[in-house]
Amino acid sequence: MNRFPFNHSGYPSPRIYASAALLATCFVLGCCGAPGADQPEADPLPEISTELGAEEVTLEVVAGSCDEALMQALADAFMEENPQVTIDLTLDDCTQLPANAPRLMASDDPPDLIRLSTLGTAVQDGQLTNLDRYAEAYGWDQLPETQRELLRVSDDGHTRGDGSLYGMPFGFGLTGVYFNKAKAEAIGMSQPPTTVEEFETLLAEAEAAGETPMMASNQDGLVAYAYQGLANQFADRDALAQWIYTAPEASFDIDGTLQAAEDIQRWVEAGYFPDGINSLNQDQALGQFIDGEGVFYYSGNWRAATLDEQMPDNAGFFLMPPAEAGDPQVAMSAPAGMAVPRRSDQINVAAYFLNWLQTDAPRALQVQISGLAPAGSPDQAMPEVPAGSVSEAVLQAWADLNEGDGLIAFLADATAGINTSALIPELQLLVEGRTSPEEFVAAVQDAYEQELGS
Amino acid sequence: MSSALDRRSPDPPPLSTAPGRNHRHGPQPVLRRLLPIHGARRGRWLGWLYVLPALLVYAVFVLLPMARTVQYSFYDWNGVGPATAVGFDNYERVFTDPELISTIVHAFQLIVFFTVIPILVGLVVSSLVREVATGRFGTVARTTLFLPQIVPLVAAAIAWSWMYSSQGLVNQTLSVMGLDSLTRPWLADFTWALPAVGLIGSWVMTGLCTVLFLSGMAKIDKSLYEAAKVDGAGRISEFFAVTLPGLRQEIGVCVTITMIAALASFDVIYASTQGGPGRATQVPGVEIYRLAFTENQIGLGSALAIVLTVLVLACVLPIQRLVSEKNA
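Protein chains in written order, with the numbering used here: chain A, 38 to 491; chain B, 12 to 339.
Structure representation (structure tokens):
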């Protein structure tokens, strides 16, 4: 009855020894060598070519599902122009893609092009193709430098903003303030404010008129847009950019970041943001603004097409004004960057596609489908948008910014984890008054240092 | 692992899987096992052959990943590039970083909602159902109570986050009752978010416990109830004298399942609050995911996962012993 392995004697049975042996075997088998030591070698880089051959090729592209309409349209347009190329488009959830990207690029079948917002780690791990040679061959160096700053990474992969080019954009996000034209007129706004102080006066008037002054969402931590909008004006643009690019010794504790946190907290206390802002997500905020809740709405240009459709002739847009009248404007803008994995076997074709993205036909798609600011040179003709539309106002703001050096990357793109480890939770604490502006700044810097291991 | 547990038992049979049993039989089984015999030996290898396919699958998909998690926890690794061995640094951080410790505290707070409430409510409801609901009504009642258990937790969390929202059902109900002062966006409230999320767990787990208790009650000898009645026991004393002792094993199963669900919770939190507002509902399950896949700190994530596993075992194993010993 008690035959092995059903031994109930209460004494060490062979079963135990066997299990222990099995476990030990698994440990030994599973743990031979340090993890990550067995990286596959990449083939040598191909000879550079700026022409597509006649040969039929397939380009595997991985992008975010939030860009589905635009990516599909771009792929279709490219294939129509170049029938020998088949674009195999794979879409991944936009919030999961950054987590999946390193694994996709390390897989046996890496994509040829991939949507990436934070490039540093991938460069450190040798996963991306250095695009400098293509930049020279295609003349990308002629484009405004601030547009590509975020796609540059130092050779050691630790600092962004400077160094070799590792990606090219299919458009640019740009954040600023939308306004409900009718409501703005009712509170006496005849033209966009020219200083932060003027803007704050308008918010106070909206509050006094019984309106929700500023629609925004913070379940997803997106008060970050408004926060950075203020920090961009109060802080030195380059110092803040250095922090985002994880330059050595960069600190978040610089002039201006604290003042922006104080302003956000004061605005919440004054009732300028909607009640329960921590329970609102970005789609709900957009929906409420369209439904007439909120005089102003802090968001990005990717909402312009929707607002034109849902609030025809009633939506306007301006950038967060500078601290002092006449100061240069600085606005948060992030390139929608695509990179070429080092182990792609179609690097030339991928680079050709990246160059094509900067030409007129795809630029029109970027503007019309997504509301993004178009990739390419400011000297190219702007894609047509209806006169008087909010899309037009957004594009005008983009053009003005490109005159100066007014673009700065998104705080949340500083490191892969800074958004979930610090910005989202700390902003939620800040708007509830559960953390002080000083603690907020310190906590963001702490999380940053912890992640970068400095 | 087993040595740590054995240390707690008074008279530990080394490395035994069935501690506390048959101590007094002394060395006889060993003799019995040493003496024989070809038949038994052949059976031994034959037995291995039978389990081999399952064992292989188990080894590849359970043991190997576990071993690797242990290994990763001693490295600083981003998941792709070369790793650096860091000894116990990751574990040190798990036990010193207040943010990581708070996730473990939240997991223990969830036990109240995932384990205590469902078992108490389950006991009351099953007692009532047993008395009142017979025949078709009984089946309907059981099915209805079990229904939350078959809804995927993610779907339950999404549905509940609508009900908890500012304009959701919970606040509407409070308004109708004239309790406007209590309305709030529950999942965005620093004080109430964790209890609110916990109640989603209570809602799911109560059905499971009730159905288990009902089937346990069906096994209790009816004559015991009759004897209790003869002795003049009311409903309450009948419950404590007959029902509760008869359900010891079912309660053990419920405590085990729900406690694991509480400590290792992921889906409810991830789908409803993602750990927010602030870090008010952050639990180890979500934190491990965030560390490993968003922050690319595979080592630290693995260390937290190992600590969580040990905690779950440390909570659940004593319960197993408690239930089976008292029942013997």
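Heads up, the beta-carbon is just placed ideally off N, CA and C, and yes, glycines get one too. Predicted model only: the values in this text are computed from it and were never measured.
Rounded separation between residue i and residue j - CA only
| i | j | result |
| --- | --- | --- |
| V215(B) | F125(B) | 8 angstroms |
| R332(B) | T254(B) | 21 angstroms |
| Y171(A) | E84(A) | 11 angstroms |
| S227(A) | A221(A) | 8 angstroms |
| L240(A) | A307(A) | 9 angstroms |
| G329(A) | M348(A) | 9 angstroms |
| E306(B) | N456(A) | 10 angstroms |
| R140(A) | T132(A) | 15 angstroms |
| R379(A) | F99(B) | 34 angstroms |
| A387(A) | D450(A) | 24 angstroms |
| Q201(A) | S191(A) | Position check: residue 201(A) holds Ser in this sequence, whereas Gln was assumed. Looking at the two C-alpha atoms, the distance is approximately 6 angstroms. |
| P288(B) | L67(B) | 44 angstroms |
| E299(A) | P474(A) | 6 angstroms |
| V478(A) | E244(A) | 28 angstroms |
| R400(A) | G374(A) | 14 angstroms |
| W197(B) | L190(B) | 14 angstroms |
| D169(A) | Y203(A) | 8 angstroms |
| Q417(A) | D178(A) | 15 angstroms |
| V404(A) | P423(A) | 12 angstroms |
| G212(B) | G353(A) | 45 angstroms |
Beta-carbon gap between residue i and residue j smaller than 7 angstroms
| i | j | result |
| --- | --- | --- |
| T231(A) | A362(A) | yes |
| I299(B) | L315(B) | yes |
| M252(A) | A322(A) | yes |
| G101(A) | R152(A) | yes |
| Q302(A) | L187(A) | no |
| G3(A) | L391(A) | Nothing about residue 3(A) can be read from this structure; chain A reaches only from 38 to 491. |
| D108(B) | V97(B) | no |
| A71(A) | A94(B) | yes |
| N315(A) | K218(A) | no |
| V294(B) | S276(B) | yes |
| V122(A) | L96(A) | yes |
| T221(B) | G133(B) | yes |
| T238(A) | A272(A) | no |
| Q164(A) | S254(A) | no |
| Q265(A) | L82(A) | no |
| V279(B) | I330(B) | no |
| S407(A) | D345(A) | no |
| I124(A) | A278(A) | no |
| V99(A) | P135(A) | no |
Cβ of residue i within 7 angstroms of any chain A Cβ
| i | result |
| --- | --- |
| R35(B) | For R35(B), the predicted structure reports a pLDDT of 46, less than 50, and the residue's modelled location is therefore unreliable. A value from the coordinates is still provided. Chain A contact via Cβ: absent. |
| G289(B) | yes |
| T320(B) | no |
| N307(B) | yes |
| P163(B) | no |
| R301(B) | yes |
| S177(B) | yes |
| F304(B) | yes |
| P196(B) | yes |
| L42(B) | Because the pLDDT at L42(B) is just 46, under 50, the model does not fix this residue reliably, and the value given afterwards should be weighed accordingly. Judged by the 7 angstroms Cβ criterion, L42(B) is not in contact with chain A. |
Cβ of residue i within 7 angstroms of any chain B Cβ
| i | result |
| --- | --- |
| D146(A) | no |
| G73(A) | yes |
| T457(A) | yes |
| G101(A) | no |
| A453(A) | yes |
| P320(A) | Looking at the sequence itself, residue 320(A) is Asp, so the reference to Pro does not match. Taking Cβ atoms only, chain B never reaches closer than 7 angstroms to D320(A), which makes this a no. |
| P139(A) | yes |
| D162(A) | yes |
| A143(A) | yes |
Rounded distance between the beta-carbons of residue j and residue i, thought under 8 angstroms
| i | j | result |
| --- | --- | --- |
| A368(A) | N269(A) | 7 angstroms |
Closer than 6 angstroms: residue i CB and nearest the ligand FAD heavy atom
| i | result |
| --- | --- |
| R332(B) | This structure lacks the ligand FAD; in fact it carries no ligand of any kind. |
- prompt: Mind listing which residues of the region 79–112 of chain B have their C-beta closer than 7 angstroms to chain A's C-betas, in chain order?
  reply: R79, Q82, Y83, Y86, W88, N89, G90, V91, G92, P93, A94, A96
- request: Quick one: which residues of the region 462–479 of chain A get their C-beta closer than 7 angstroms to a C-beta of chain B? List them in chain order.
  value: P462, Q465, L466, E469, R471
query: What residues in the region 198–212 of chain B have a beta carbon less than 7 angstroms from any beta carbon of chain A?
result: L198, A199, F201
- prompt: Relative to chain A, which residues along the region 248–263 of chain B have a C-beta separation below 9 angstroms, given in chain order?
  reply: none
field: Interfacial residues, the region 122–136 of chain A to chain B, with Cβ spacing under 7 angstroms
entry: A136
message: Against chain B, which members of the region 177–209 of chain A pass a CB distance test of less than 8 angstroms?
response: none
- prompt: Listed from N- to C-terminal order along the chain, which residues in the region 299–318 of chain A have their beta-carbon within a distance smaller than 9 angstroms of any beta-carbon of chain B?
  reply: Listed in sequence order: D312, G313, I314, N315, S316, L317.
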